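Written out below as structure tokens is the structure these notes cover.
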DNA sequence: TTGAAAGCGCTAACAT
DNA sequence: ATGTTAGCGCTTTCAA
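Chains as they are written, first to last, in the working numbering: chain A, 186 to 518; chain B, 186 to 518.
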């Protein structure tokens, strides 16, 4: 059964000291007689005392809580990233409160309001596309915000990530340098994802004037990838390469092609985007863009902690992403 | 810039009412004159007022926060499950605080201490294997706990999940009913996972007396699956079927077999465990056990909310899981 | 080095 | 229906 929970007063009484001294001990204040300190610690343990966080927060105005909102956690690069955020925050005594927006601005706003009301001290958001109300809310309250998964020097809010447009551009370039002139592209929903939009833009840029950009939009899942592959194979001229703007999509595409007897990369080359854990292990191994998800989470969390602890201003930091060459793309020059 | 944040007192002053009435309005208490209510709401908005959660928590002793600890979030069924927990909690005005234990009891304990200190009102843990200190801590403080991913009638703590042993048993049975007598099994680390241990037990039980149980333990990843496949193919007699105690492993196994020119299920049958999103879309589609991850998250969250709101006692609830028959297992009778 | 005491912002009896 | 007021448990000047 739950014993009565001890308060700072109980400990003070037990030790014959004041609550102020107990408080000092609990907060590691050095100006306390070691004898007293030992005493306090002893009784605290004995009385099963843990400082009440709400009281502490009320008094100090610090909740030791950081909020992160991501569109989804399933089959995606976000899982990796959020793991890094959580671990890094934890190392500094902060807790992560997670919300999932389902790529919906209204849901994101609702979640954020809750999180603000919960006392989150900082927000880590995904991408740059958020409701005006949300940004206003945070600004009015002076709550620090960070955008991740993108890098944009011009952004008023600091961004931690990579340049999705440039990366997609370079992917097309890479394919072209391998002789591919007829390229199809599969991507997830652009609605609610400025990252996807940016990638599509990069594709269009790189492809402009050479051949029609043939982009097909599907759900962001392996199943979506299969659908995309189906659609692409029905096109008038079969592409020599398919660029998938997410690895999950690439997986679906590969599965579909294989299921109808096509060989990768002999019949069609496939390129991904993300470099998920399994991408190196697929058959064939997937040529893709290695997004620094873990790094991104670590950097974002660290910046937030520095800002909260030392008031260090947060600045955008660009993260490198490289093409990893594996076996799903062949040269047809 | 951050305006000064308004307090309940500011609103009271502005409306000429007492803080009590403002509080009533903010909490939806019906006994308030609609006129006054409108006034309060108006000024609250105008003054940019949001109730301070710490003060509220301190006063009510309710933090509206539930903690969940999972071993990992990557490439796994946990992502799906945690999504359901978060969404269900959110629907009832609760926030999820997430911690990741990396399947390490010490890390779990450390995280839990933080979460308790943060004021989490309930804990949702994975599996039944936790440090004594953690359970003691929660018990002493009277914090409700739930175990998920398992079902165990005998457990003192309520469990929401399925019977891993029975499920693994049935998987072997299924394979046997399809004529397989030489079965190898790939599974993740048993250390730190009572679920995996339980599954292995089911396998051993089902296999006992017929042939040697040939279990190979690898890391829980696609790469681990590839390794397992490699190891299994080196066995003296090649099995006709490989049971993978997680779908991720099955994916790796399939990739490896395909990469050395073997065909599934003609050369070897593969069976998984989880039914991840992509399992129906792989090539061939994966015969596996459909774990009710989403359902589990919803049920767990709902039970916790009911307990917190209405003091409804939490009881274990067994969840059904079925074998989904697809194309990765062939009958060799 | 230690203590006294004034809040932090809100809720909930209790009174009206 | 509304107001008064006493806390909730802790931190933090200010004094000693």
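Each residue gets a CB set at the ideal place from its N, CA and C atoms; glycine is no exception. This structure is a prediction, so every number in the text was calculated from the model and none was measured.
Inset, instruction - Can you have a look at residue 431(B) and say buried or exposed, based on whether 16 or more other CB atoms are within 10 angstroms of its CB? - result: Stepping through the second chain from its first residue, residue 431(B) is reached at position 246. Around the C-beta of residue 431(B), 16 or more other C-beta atoms lie within 10 Å, and the residue is accordingly described as buried.
Applying the criterion that 16 or more other CB atoms from any shown protein chain within 10 Å of the CB defines a buried residue, is residue 343(A) buried or exposed? Looking up residue 343(A) in the first chain gives position 158. Label assigned to residue 343(A): buried.
Point to revise | Pairwise C-alpha distance: residue 308(B) and residue 328(B) | key: Locating residue 328(B) in the second chain gives position 143, where the first residue counts as 1. Locating residue 308(B) in the second chain gives position 123, where the first residue counts as 1. Going by the C-alpha atoms only, they are around 7 Å apart.
Chain A within 7 Å of residue 194(B), Cβ atoms only: Position 9 of the second chain holds residue 194(B). With 7 Å as the cut-off, residue 194(B) does not count as an interface residue toward chain A.
| Does the Cβ of residue 186(A) have 16 or more other Cβ atoms within 10 Å, making it buried, or fewer, making it exposed? | Start at 1 with the first residue of the first chain, and residue 186(A) comes out as number 1. Confidence at residue 186(A) is low in this model, with a pLDDT of 39, below 50, so its placement is unreliable and the value that follows should be read with caution. By the neighbour-count rule (16 or more Cβ atoms within 10 Å), residue 186(A) is not buried but exposed.
Handout entry: residue 454(A) - containing beta strand (DSSP E), residue span
Key = Here the question's residue 454(A) lines up with position 269 in the first chain. Start and end: 454-456.
message = Let me see if you follow: with CB-CB separation under 7 Å, is residue 411(B) close to chain A or not?
response = Position 226 of the second chain, counted from the first residue, corresponds to residue 411(B). Answer yes: the Cβ-Cβ gap between residue 411(B) and chain A drops below 7 Å somewhere.
Assigned secondary structure, residue 238(A) (DSSP; H/G/I helix, E/B strand, else coil):
Taking the first chain and counting its residues from 1, one reaches residue 238(A) at position 53. Residue state, collapsed to three classes: helix.
Tell me the rounded alpha-carbon separation between residue 340(A) and residue 499(A). By one-based count along the first chain, residue 340(A) stands at place 155. By one-based count along the first chain, residue 499(A) stands at place 314. Cα to Cα, the separation comes out at about 12 Å.
Looking at the C-beta of residue 277(B), does it have a partner C-beta in chain A at a distance below 7 Å? Residue 277(B) sits at position 92 when you count from the first residue of the second chain. Judged by the 7 Å Cβ criterion, residue 277(B) is not in contact with chain A.
* Using the DSSP secondary-structure output, state which residues sit across from residue 346(A) in a beta bridge. => Counting from one through the first chain, the residue named residue 346(A) turns up at place 161. Residue 346(A) is bridged to 503(A).
Between 323(B), 282(B) and 453(B), which lies nearest to residue 249(B) when the distance is taken from Cα to Cα? Residue numbering aside, residue 249(B) sits at position 64 when the second chain is read from its first letter. Ranking the options by Cα distance to residue 249(B), first place goes to 282(B).
For residue 487(B) and residue 285(A), the rounded distance between their alpha carbons:
Taking the first residue of the first chain as 1, we reach residue 285(A) at position 100. Taking the first residue of the second chain as 1, we reach residue 487(B) at position 302. In this structure, the CA atom of residue 285(A) is about 18 Å from the CA atom of residue 487(B).
| query | Name the chain B residues whose beta carbon is nearer than 8 Å to that of residue 221(A)? | reply | As a working mapping, residue 221(A) is identified with position 36 in the first chain. Neighbours of residue 221(A) on chain B: none; closest Cβ ~23 Å, over 8 Å.
*Would you say residue 330(A) reaches chain B, if we count a Cβ-Cβ gap shorter than 7 Å as a contact?*
Position 145 of the first chain, counted from the first residue, corresponds to residue 330(A). No, because no Cβ of chain B sits closer than 7 Å to the Cβ of residue 330(A).
Original post:
What is the DSSP secondary structure of residue 308(B), reduced to helix, strand or coil?
Top reply: Looking up residue 308(B) in the second chain gives position 123. Here residue 308(B) sits in strand by DSSP.
| said: Taking contact to mean 3 or more Cβ pairs, one atom from each stretch, closer than 8 Å, check whether the region 286-303 of chain A and the region 249-265 of chain A are in contact. | reply: yes
Residue 341(A) in three-state terms, based on DSSP = On the first chain, position 156 is the one that residue 341(A) refers to. Coil, per DSSP.
When Cβ atoms are compared, which residues of the region 441-459 of chain A fall closer than 8 Å to chain B?
-> 441, 443 and 444
Query raised in the report: Going by beta carbon distance, what residues of the same chain come within less than 8 Å of residue 453(A), once the five residues before and after it are set aside?
Result: Position 268 of the first chain, counted from the first residue, corresponds to residue 453(A). Once the five neighbours on either side are set aside, the close Cβ partners of residue 453(A) are 423, 424, 425, 426, 427, 442 and 447.
**Request:** Going by DSSP, name the residue or residues bridged to residue 541(A).
**Result:** With chain A covering only 186 through 518, there is no way to say anything about residue 541(A).
Validate contact between the region 230-246 of chain A and the region 235-244 of chain B using beta carbons, cut 8 Å, 3 pairs = yes
Q | 8 Å Cβ cut-off: residues of chain A touching residue 302(B) | A | Mapped onto the second chain, residue 302(B) falls at position 117. Chain A residues near residue 302(B): 235, 236 and 238.
| task | Note down, in chain order, all residues in the region 468-488 of chain B with a beta-carbon under 7 Å from any beta-carbon belonging to chain A. | result | Result list: 468.
Using a C-beta cutoff of 7 Å, does residue 187(A) count as contacting chain B? Locating residue 187(A) in the first chain gives position 2, counting from the first residue. Any reading at residue 187(A) needs caution, since the residue's pLDDT is 45, under 50, leaving its predicted position unreliable; the model's value is listed next. In terms of beta-carbon proximity, residue 187(A) lines the interface with chain B, with at least one pair separated by less than 7 Å.
How do the region 191-204 of chain B and the region 214-233 of chain B stand: do at least 3 beta-carbon pairs fall below 8 Å, yes or no?
Yes, the region 191-204 of chain B touches the region 214-233 of chain B.
- Which same chain residues, not among the five before or five after residue 195(A), have their C-beta less than 6 Å away from its C-beta? Position 10 of the first chain, counting from 1, holds the residue named residue 195(A). Here the set comprises 232.
Practice item. Using a Cβ cut-off of 9 Å, pull out every chain B residue sitting near residue 371(A), in sequence order please. Key: Locating residue 371(A) in the first chain gives position 186, where the first residue counts as 1. Contact of residue 371(A) with chain B by beta-carbon distance below 9 Å is absent, the smallest such distance being about 14 Å.
Exercise for review: Please compile the residues from chain A whose C-beta is within a distance smaller than 7 Å of the C-beta of residue 283(B).
Suggested key: To locate residue 283(B), count along the second chain from 1; it is residue 98. Simply 271, 281 and 283.
Tell me which residues of the region 309-335 of chain A have at least one Cβ-Cβ distance to chain B shorter than 7 Å, keeping chain order.
325, 326 and 327
(Q) Can you check which of these residues, 414(B), 472(B), 480(B) and 215(B), is closest to residue 516(B) by C-alpha distance? (A) Locating residue 516(B) in the second chain gives position 331, where the first residue counts as 1. Among 414(B), 472(B), 480(B) and 215(B), the Cα nearest to that of residue 516(B) is on 472(B).
Return the residue from the list 416(B), 216(B), 400(B) and 314(B) that minimises the CA-CA distance to residue 337(B). Along the second chain, one-based indexing puts residue 337(B) at 152. Cα-wise, what sits closest to residue 337(B) is 314(B).
| Using the rule of at least 16 other Cβ atoms within 10 Å of the residue's Cβ for burial, across every protein chain shown, is residue 496(A) buried or exposed? | Taking the first chain and counting its residues from 1, the one referred to as residue 496(A) is at position 311. Under this definition residue 496(A) is an exposed residue.
**Message:** My output table needs one value for residue 332(B): the three-state DSSP class, helix, strand or coil.
**Reply:** Along the second chain, read from residue 1 onward, the residue named residue 332(B) stands at position 147. Residue 332(B) falls in the strand class under three-state DSSP.
**Prompt:** Are any of the Cβ atoms in chain B nearer than 7 Å to that of residue 264(A)?
**Reply:** Here residue 264(A) corresponds to residue number 79 of the first chain, with the count starting at 1. It does: the Cβ of residue 264(A) has a partner Cβ on chain B nearer than 7 Å.
Is DSSP giving residue 193(A) helix, strand or coil here?
The residue you call residue 193(A) lines up with position 8 of the first chain. If DSSP states are grouped into helix, strand and coil, residue 193(A) belongs with the helices.
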